[in-house]
Structures are given as C-alpha cells and as structure tokens.
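**Q** Residue 1 is where the sequence shown starts when you use full-length UniProt numbering, and the numbers rise one by one after that. Even for Gly, the Cβ is constructed at its ideal location relative to N, Cα and C. For clarity, every value in this text was computed on a predicted model and none was experimentally measured. Following this message is one structure expressed as structure tokens.
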Amino acid sequence: MRRAARRVPAARTHRQPRAPGRATAQEGARVARTTADDAIDEDGTLDAELDDTELIDPDPDLLQPAPLAWRRRTAIEMVVSGAIGLFASFVLSIEAVTLAGDRNADLGCNLSSVINCGKVGLSWQAELLGFPNAFLGIAAESVVITVAVALIGGVVFPRWFMLSAQAIYSAGLLFAYWLFYEAYTDIGALCPWCLLITVTTTLVWAGLTRINVRDGHLRLGSAGPAMRRFVAAGNDWYITIALVVVFVTFLVVKYGPSIVA
C-alpha cells in the first residue's frame, strides 16, 4: 500500500528588515514622479495653485516683510511727494474755481502762450468727469499721505489693501500721463502745477510699487526673488529716474526754446 507523499511547505524567504527612513531607489524615483505629476497640469504647465513657499528665495531674509527702517525710508519719500502733489492740487482747485467765475482771469502761472494754466484749465480734459481733475488729486494725495504715515508708524497692511492701493494709484498714474499727452499734443500749452503733479505721482507710484514687490504682494512667479533683491538694493530708483528724465526730455525737445523765452 502506497503511503501518501508528504507535502513539504515551501521555504519562506526572510527579508532583511529595512532601516526606518530609508527608501529604495525605485521608491524614490516613484515619489519624485508623483510630486512632479502633482505640480504639472495636464497641459504641461505649472499648477497655478502652488503657493509662494515653493518658490525658494536664495536669501531667506527677503521672504520676510521688509525691515522697518527700509519701509520708513520709502514711506517718507511717499509722504514728501504726496504733500507736494497735494499742495499743487489745492492751487489747481483754486484756479479752477477762479476760471469758473471768470474765464478770462489772469492766473499767476499764465506766463506765456506755452506756459499757460488758464488755457489748460479751460480745456475739456481738465474736467473729464464733469468737475475739475484737481479735486481728484486732493482726494488721492490725502489718502496716499495717510497710508504712508501709517507705514512710517510700523503698520503692515494686508495684501488685499496694498494691491487695491496699487491698482487705484496705477490708474491715477496713467491718468496723469494721459493728461500730459493731451497737453503735449492737443491743448498746446503746459501747466506747471500739472507737470509737478505728474512727477510726484510718478514718485509715489514708484514707492508703492517698491513696497509691494519687496513684501511679495505682487506675485511675479519665478522672477519674484530677483525682483525682491532688485528693489531691496534700491536699483529700482534707476528706472524711476530714467522715467522722469524721459518726461523732461519730451518737454525740452518740443517746448525748450519757448520755455526759455
């Protein structure tokens, strides 16, 4: 009688326990692929939902809000520029009221056919919204001075507030240069107070932009770290000065002889 063959269980293979925290090369590659897949959309572009912490700045200090001394210096520049612009806006407002009562009034800045505030003040561009543009200047410069004084005091405004201020003042900057363009090409006369406001608006806008770039409020993607270093070093002043120089050059090229005369 045949005895049933005994089934010998297969020998178990004992795996060497893996040290905690160590991963195989295959697992590391798989994790890397998964991370890359999460960061890339189906169309091959970077996921827009990645936060700023994944854009590593070589200088950790630039990931923090700007030093108080740096912010105060920029805010003081904004206060000075805003105060000058506010004064010019007040003068223009008084002249607008004077012209409303007497269109032939001889204003103090009616120096020639080229330097003539009255001619500019009587143009339709001077009351684009139905009232003197200078009233807008008074309101805008008052807000700018208030915000700048708060910055000097160490107040750190939320991102939405700073971006709102940036958008509104950018519109004001475009409006100021549009008025200059109209005076340059259509009105044919220059208003010294208007030109002064154009310059101060440029300086205030540059200061506000400097703070928003340095504090990371303006999302600049991969260019963010370089731009933060750029403004932290004060190099943006070269751009601001260049813009003012171009502005003055346009005046000199067209009206230089008339201004001197």
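(1) L136 by DSSP, collapsed to three states: which one?
(2) Using the Cβ count rule (16 or more neighbours within 10 Å means buried), how would you classify S170?
(3) Near W205, what residues of its chain come up, given a Cβ to Cβ distance below 6 Å and the 5 sequence neighbours on each side ignored?
(4) Using DSSP with H/G/I as helix, E/B as strand and the rest coil, what is N110?
(5) Which partner residues of N116 appear in the DSSP bridge assignment?
(6) For residue 294, count neighbouring Cβ atoms within 10 angstroms of its own Cβ and tell me buried if that reaches 16, exposed if not.
(7) Residues in the same chain with beta-carbon distance under 7 Å from L122, minus the five sequence neighbours each way, listed in chain order, please.
(8) Return the chain-ordered list of same chain residues with a C-beta closer than 6 Å to the C-beta of M78, the five sequence neighbours on each side being excluded.
(9) How long is the line joining the alpha carbons of F157 and I138, rounded to whole angstroms?
(10) For P257, count neighbouring Cβ atoms within 10 angstroms of its own Cβ and tell me buried if that reaches 16, exposed if not.
(11) Could you check which residue in V143, V80, S222 and G188 has the C-alpha nearest to that of A165?
(12) Would you call residue 262 buried or exposed, if buried means 16 or more other Cβ atoms sit within 10 Å of its Cβ?
(13) Under three-state DSSP, which class holds L129?
(14) Have a look at T200, R72 and F247 and flag the residue whose alpha-carbon is nearest the alpha-carbon of G154.
(15) What three-state label does DSSP hand L220 in the structure shown?
(16) Tell me whether L190 sits in a helix, a strand or coil according to DSSP, three-state version.
(17) What's the call for R210, buried or exposed, on a 16-neighbour Cβ count within 10 Å?
(18) For S81, count the other beta carbons within 10 Å of its own beta carbon; 16 or more makes it buried, fewer makes it exposed. Which is it?
(19) Write down the C-beta distance between F247 and T198 rounded to the nearest angstrom, noting that I regard them as a contact closer than 8 Å.
(20) Drop a sphere of 10 angstroms on the beta-carbon of V213, count the other beta-carbons inside from all chains shown, and report buried for 16 or more, exposed for fewer.
(21) Determine the contact status of A183 and N116, defining contact as a CB-CB distance below 7 Å.
(22) Quick check: I84 and T200, are their CB atoms within less than 7 Å of each other?
(23) Taking Cβ to Cβ, would you say V114 is nearer than 7 Å to I187?
**A** In short, the structure shows the following:
(1) Indexing the sequence shown from 1 puts residue 136 at position 136. If DSSP states are grouped into helix, strand and coil, L136 belongs with the helices.
(2) Taking the sequence shown and counting its residues from 1, one reaches residue 170 at position 170. Taking all protein chains shown into account, S170 has fewer than 16 neighbouring C-beta atoms within 10 Å of its C-beta and is therefore exposed.
(3) Numbered from 1 along the sequence shown, position 205 holds the residue referred to as residue 205. Y169 and L173, listed in sequence order.
(4) Taking the first residue of the sequence shown as position 1, residue 110 is located at position 110. Strand, per DSSP.
(5) Taking the first residue of the sequence shown as position 1, residue 116 is located at position 116. Looking at the DSSP assignment, N116 forms a beta bridge with N110.
(6) Residue numbering for the chain in the displayed model covers 1 to 261; residue 294 lies beyond these limits and cannot be assessed.
(7) In the sequence shown, the residue the question calls residue 122 occupies position 122. Only L99 and R103 meet the Cβ criterion.
(8) Position 78 of the sequence shown, counted from the start, is the residue given in the question as residue 78. Correct list, in chain order: A148, V204 and G207.
(9) Working through the sequence shown from its first residue, we reach residue 157 at position 157. Working through the sequence shown from its first residue, we reach residue 138 at position 138. Rounded to whole angstroms, F157 to I138 spans 23 Å at the Cα level.
(10) Your numbering for residue 257 matches position 257 in the sequence shown. Label assigned to P257: exposed.
(11) For the purposes of this step, residue 165 is identified with residue 165 of the sequence shown, where counting begins at 1. Of the listed residues, the one whose Cα sits closest to A165 is V143.
(12) With the chain covering only 1 through 261, there is no way to say anything about residue 262.
(13) Mapped onto the sequence shown, residue 129 falls at position 129. In this structure, DSSP gives L129 a state outside helix and strand, which the three-state scheme calls coil.
(14) Here residue 154 is taken as the residue at index 154 of the sequence shown, counted from 1. Taking only the C-alpha atoms, the option nearest G154 is R72.
(15) Stepping through the sequence shown from its first residue, residue 220 is reached at position 220. L220 falls in the coil class under three-state DSSP.
(16) On the sequence shown, residue 190 is found 190 positions in, with the first residue counted as 1. Note: L190 maps to strand in three-state DSSP.
(17) The sequence position of residue 210 within the sequence shown is 210, counting from 1. Result: buried.
(18) Counted from its first residue, the sequence shown places residue 81 at position 81. With 16 or more other Cβ atoms within 10 Å, it is buried.
(19) Here residue 247 refers to the residue found at position 247 when the sequence shown is read from its first residue. Here residue 198 refers to the residue found at position 198 when the sequence shown is read from its first residue. That belief holds up - the Cβ atoms of F247 and T198 are roughly 7 Å apart, short of 8 Å.
(20) Indexing the sequence shown from 1 puts residue 213 at position 213. Flag for V213 reads buried.
(21) On the sequence shown, position 183 is the one that residue 183 refers to. On the sequence shown, position 116 is the one that residue 116 refers to. No, they are not a contact pair.
(22) As a first step, residue 84 is located in the sequence shown; it is residue number 84 there, counting from the start. As a first step, residue 200 is located in the sequence shown; it is residue number 200 there, counting from the start. Closer than 7 Å, so yes.
(23) Reading the sequence shown from its first residue, position 114 is the one you call residue 114. Reading the sequence shown from its first residue, position 187 is the one you call residue 187. Not in contact: V114 and I187 (Cβ atoms no closer than 7 Å).
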